[in-house]
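Student:
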Amino acid sequence: MSLGPQQVLEADNVVVIVSGSRKRALADELLSYKAVTPEFPLSIIHEPSVRQRVRIFATPDTGIRL
56 MSLGPQQVLE
66 ADNVVVIVSG
76 SRKRALADEL
86 LSYKAVTPEF
96 PLSIIHEPSV
106 RQRVRIFATP
116 DTGIRL
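Mapping to the working numbering: the sequence shown position 13 is 68, numbers consecutive.
1. Between the alpha carbons of T92 and S98, how many angstroms are there, rounded?
2. Does the distance from the C-beta atom of V73 to that of A82 stay below 8 Å?
3. Given that a residue counts as buried once 16 or more other Cβ atoms are within 10 Å of its Cβ, and exposed if not, what is I111?
4. V69 and V105 look like a contact to me (Cβ under 8 Å); what is the Cβ gap, rounded to whole Å?
5. Pick from S57, K78, S76 and H101: whose alpha carbon is nearest that of K89?
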């Protein structure tokens, strides 16, 4: 389920799951931010009040192409 920024700010725990063929690039971009950037909504996880409640996971590469 996707959450909007206000829902993320109010959540007790935030889990970000990165998957897909560009997951490495997306994870690198996400982790490159040090503050909230409106042009990249996922950067809300860098809000100081949220930062300690975030866990980031990447799906494993299976080698299976559909």
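Even glycine gets a Cβ: it sits at the ideal position worked out from N, Cα and C. Just so we're clear, the structure is a prediction, and the values are computed from it rather than from any experiment.
Tutor: Reading it off the structure:
1. Taking the Cα positions, T92 is about 6 Å away from S98.
2. In this structure, the beta-carbon distance from V73 to A82 falls below 8 Å.
3. With fewer than 16 other CB atoms across the displayed protein chains lying within 10 angstroms of its CB, I111 is exposed.
4. Taking C-beta atoms under 8 Å as the contact rule, V69 and V105 qualify, at a distance of about 6 Å.
5. Comparing Cα positions, the closest option is H101.
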